[in-house]
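What follows is a short report on a single structure.
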Amino acid sequence: MPTNQESRPPGAGLLSRRGLERAAAVLLILYVLTVAVSVSQRVSSNADAVISMMEQGSGAADPASLTPADARTTPVLNASSYTASQAASLIAAVILVALAAVSYRVFRGYDRTLALLGAFMFLGAAFLSCFAGVVGLTLAREYSLLIPAQAVPEAVDYGSIQALEPLRALAGKTSFTFAGLGLLAFGGLIAWSGALPRWIGGLGIVVGAIMFYIWIDAIPVLHRIGGGAYLLWLALLAGWLMFRGTGGAVAAADNADNTENGER
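Each residue of the sequence shown is one higher than the one before, counting from 24 in my numbering.
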């Protein structure tokens, strides 16, 4: 009578190639969703408008100087949405750590160096995103006190805002850059090895390059395009891994080994 291991179909199981590919697909989907939640909640919070006015030296940075006219035109920050955005960013960072490890396992047979480089870039992006999220949560209370109708001037620590906000922004931009480098590595791996259709790899290289425009403040639209394309490419990768998987010599060799082991 065959054992459970012997009766299992070739390629089955969580640690098989197909199991790892599907695990990577699930992590990709979860990551894309949490990042989308983080971005949507940040937009809803109106944080960018409030921070921009503070940087320009508007009266919004000092509730004590607000006139009735200022109060009607000053952006209001939604503290709960801002907090939700930073929390979602932290969750996405944790998912990205797991995704880096599983992605390396999936692609290392095609090019170990590029797979390792891509995994390290994703780990760097996760670490910096986690740091930015922690700083953001620290700032959430201070930003909530900037609401004109509720502001208590002496309760707001403007020093911490001025010190931590640039740090949070820098960590966020650097994290995005590391993610772009990860796309260049995995996109190059796919385009070079044919682990997936080469056009997917080429598209990943283009998207990864566009993501570097985050450092050019004069053309913010390219940052938005790069961020959206980043999530779309990851979603495309997730769908392909879930339903088609990788191909080529490595997968064929793995299936041959599994078949041979099953016949023994």
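All residues carry an ideal CB built from backbone N, CA and C; glycine is no exception. Note that the coordinates shown come from a computational prediction; the quantities given were computed from them, not determined experimentally.
Would S152 and S112 be called neighbours here (beta carbons separated by less than 8 Å)? As a position in the sequence shown, residue 152 is number 129, starting the count at 1. As a position in the sequence shown, residue 112 is number 89, starting the count at 1. The answer is yes: Cβ separation under 8 Å.
Can you tell me where the alpha helix (DSSP H) holding F130 begins and where it ends? Locating residue 130 in the sequence shown gives position 107, counting from the first residue. Where F130 is concerned, the enclosing alpha helix (DSSP H) stretches over A102 to F130.
Helix, strand or coil: which one does DSSP assign to A241? In the sequence shown, counting from the first residue as 1, residue 241 sits at position 218. In this structure, A241 counts as coil in the three-state DSSP scheme.
Classification of A174 by the beta-carbon crowding that lies within 10 angstroms, buried from 16 upward: If you number the sequence shown from 1, residue 174 lands on position 151. Only weak support exists for where A174 lies, its pLDDT of 49 falling under 50; the value from the coordinates is given anyway. With 16 or more other Cβ atoms within 10 Å, it is buried.
Would you mind stating whether A214 and R221 have Cβ atoms separated by less than 8 Å? Reading the sequence shown from its first residue, position 191 is the one you call residue 214. Reading the sequence shown from its first residue, position 198 is the one you call residue 221. Going by C-beta atoms, A214 is nearer than 8 Å to R221.
Compare the Cα-Cα distances from L254 to each of A59, R41, A46 and A47 and report the closest residue. Working through the sequence shown from its first residue, we reach residue 254 at position 231. With distances taken between Cα atoms, L254 lies closest to A59.
C-alpha gap between A252 and G141, whole angstroms: For this step, residue 252 is matched to residue 229 along the sequence shown. For this step, residue 141 is matched to residue 118 along the sequence shown. Computed Cα separation, rounded: 18 Å.
In whole angstroms, give me the CA-to-CA distance for A194 and G224. Stepping through the sequence shown from its first residue, residue 194 is reached at position 171. Stepping through the sequence shown from its first residue, residue 224 is reached at position 201. If I take the Cα positions, the gap works out to 27 Å.
What separation, rounded to the nearest whole angstrom, lies between the Cα atoms of S135 and A116? Counted from its first residue, the sequence shown places residue 135 at position 112. Counted from its first residue, the sequence shown places residue 116 at position 93. Reading the sequence as shown, one finds Arg at residue 135 and not Ser. The alpha-carbon atoms of R135 and A116 are separated by roughly 24 Å.
In the DSSP assignment, find the alpha helix (DSSP H) that holds G227 and state where it starts and stops. Sequence index remark: in the sequence shown, residue 227 carries index 204 (1-based). R221 to I233 is the extent of the alpha helix (DSSP H) around G227.
Take Y54 as the anchor and find which of S104, I118, S61 and A102 has the nearest alpha-carbon. Position 31 of the sequence shown holds residue 54. Checked all of S104, I118, S61 and A102; the closest Cα to Y54 is I118.
Inter-stretch contact (C-beta, 8 Å, three-pair minimum) for the region 196-210 and the region 233-246: yes
Might you give, ordered along the chain, the residues of its own chain that have their beta carbon closer than 8 Å to the beta carbon of L38, omitting 5 neighbours on each side? Your numbering for residue 38 matches position 15 in the sequence shown. Within the same chain, L38 has no close Cβ partners at all.
V229 CB to nearest heavy atom of the ligand SAM below 7 Å: Ligands are entirely absent from the displayed structure, and the ligand SAM is therefore not among its contents.
Excluding sequence positions up to five away, which residues of its chain have a Cβ less than 8 Å from the Cβ of L212? Translated into positions along the sequence shown, residue 212 becomes position 189. So the qualifying residues of the chain are F130, Y133, D134, L137, A138, G141, A218 and G224.
Can you grab the Cα-Cα spacing for the pair R41 / G268, in whole Å? Within the sequence shown, the letter at position 18 stands for residue 41. Within the sequence shown, the letter at position 245 stands for residue 268. Those two C-alpha atoms are separated by around 7 Å.
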